[in-house]
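Data first, discussion second: the structure below is written as structure tokens.
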Amino acid sequence: MGRVSDCAILLGFAMVCLHGGAVSGLLSAATNVTWKSILFRTELRWDPPLADFVYTVRVKGKRTDWKKKPECTRAKITRCDITSLLENVTDTYNIEIMTYSQESTDEPEEAPHAEALPITPYKDTEFGQADFEIILINKTKVQVSIKDQLTFIRFPDGTLKTLRDIYGATLLHDLIYFKDGTSGKKTITTNSQKILIDVEEDFKYCFNILPRVISPYIKGPSSANKCTTNQISILGEYNVGVFAAVIIGILVLVIIVVVIAVVLNKKKQVKEESEMYHLKPV
1 MGRVSDCAIL
11 LGFAMVCLHG
21 GAVSGLLSAA
31 TNVTWKSILF
41 RTELRWDPPL
51 ADFVYTVRVK
61 GKRTDWKKKP
71 ECTRAKITRC
81 DITSLLENVT
91 DTYNIEIMTY
101 SQESTDEPEE
111 APHAEALPIT
121 PYKDTEFGQA
131 DFEIILINKT
141 KVQVSIKDQL
151 TFIRFPDGTL
161 KTLRDIYGAT
171 LLHDLIYFKD
181 GTSGKKTITT
191 NSQKILIDVE
201 EDFKYCFNIL
211 PRVISPYIKG
221 PSSANKCTTN
231 QISILGEYNV
241 GVFAAVIIGI
251 LVLVIIVVVI
261 AVVLNKKKQV
271 KEESEMYHLK
281 PV
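Each residue of the sequence shown is one higher than the last, beginning at 1 in UniProt numbering.
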């Protein structure tokens with residue numbers, strides 16, 4: 001009898017072990033977890049081992065508690081935009097992807113989970129390709145005007161921050177330019193948005209730029225080449241004072257013409273009234 005009882009106990013223990021193994025085998029952690037951050041827009045991606053799982057993404061900074069996004073909570077997804085959870089770009093964040101059963105509402109702490117590499121957006125994001133304008137001031141001077149790149153980080157009022165808003169004077173641009181048809185290139189490094197370049201008359205010049213910061217070291221992609229044309233900016237050829245003087249001169253001329261027209265019209269009316277008076281019968 002004792003031997004039968006021992007066997008029953010052993011059988012029951014084995015069934016519990018098998019059941020536990022089956023449960024743990026049903027849920028598996030996400031695999032191949034990666035993130036990509038460009039201009040502070042950060043997307044998390046992973047591979048699901050099976051199809052009947054839901055996932056919850058949570059993010060925790062060194063100075064913040066765990067946070068979740070409704071769109072990435074118990075969702076049947078394999079990617080999640082976590083940009084809004086990384087508002088403090090200088091903080092370092094840990095990222096976890098929890099795996100839950102689609103058929104259950106339980107969210108046990110011991111649920112399988114996968115961890116992504118920590119991210120510090122300020123040093124881990126990538127820059128986009130910068131854009132710029134070329135203004136031909138005169139025949140021997142060109143202005144390159146660099147446009148600020150917008151990021152996906154927002155001010156409290158909801159407007160988007162630029163790279164310059166985040167990195168300030170540490171944001172640099174390498175301006176590379178060359179005379180068309182030659183191999184010699186010149187580089188100017190600046191933290192200004194407007195650069196004046198001396199050029200030779202009657203030659204076409206081509207430019208491209210790339211953004212970077214030194215610390216942390218981030219280097220963006222080089223822009224496409226843009227080249228000068230023979231169209232000189234009116235505001236460049238004539239300074240603002242001359243341009244304003246021309247406008248004022250035109251306004252004065254218009255006023256003089258209007259005054260003369262009014263005076264002539266008045267004289268005409270007086271003359272017509274006088275003639276009508278003399279034509280009346282006595």
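Ideal placement from N, C-alpha and C gives every residue a C-beta, glycine not left out. What you are looking at is a predicted structure, and each value in this text was computed from that prediction instead of being measured.
Here the alpha carbons of proline 211 and alanine 130 stand approximately 7 Å from one another.
If you look at arginine 79, you'll find it in the beta strand (DSSP E) that goes 79-81. Using a C-beta cut-off of 8 Å, the segment 129-149 makes no contact with the segment 64-73, since fewer than three inter-stretch Cβ pairs fall below that distance. Between threonine 120 and threonine 92, the gap from beta carbon to beta carbon is short of 8 Å. Glutamine 193 and serine 223 do not touch by the CB rule: their CB atoms are close to 14 Å apart, not below 8 Å. In the three-state reduction of the DSSP assignment, tyrosine 205 falls in the strand class. By the Cβ neighbour-count rule, tyrosine 217 is exposed, with fewer than 16 other Cβ atoms within 10 Å of its own. The C-beta separation of leucine 39 from glycine 128 comes to about 5 Å, placing the pair in contact by the 8 Å criterion. With a contact defined as Cβ atoms closer than 8 Å, isoleucine 97 and valine 33 qualify at about 6 Å. Where aspartate 165 is concerned, the enclosing alpha helix (DSSP H) starts and stops at 163-167.
Judged by DSSP secondary structure, leucine 26 falls within the alpha helix (DSSP H) whose first and last residues are 2-26.
Counting other Cβ atoms within 10 Å of its Cβ, leucine 86 reaches 16 or more and is therefore classed as buried. In this chain, the beta strand (DSSP E) harbouring proline 118 covers 113-119. Contact annotation: serine 215 and threonine 125 have beta-carbon atoms that are not nearer than 8 Å. For the pair lysine 267 and glycine 249, the Cα-to-Cα distance works out to about 27 Å. Annotation: glutamine 149 to arginine 164 spans about 8 Å, alpha carbon to alpha carbon. Leucine 175 places its beta carbon less than 8 Å from that of threonine 190.
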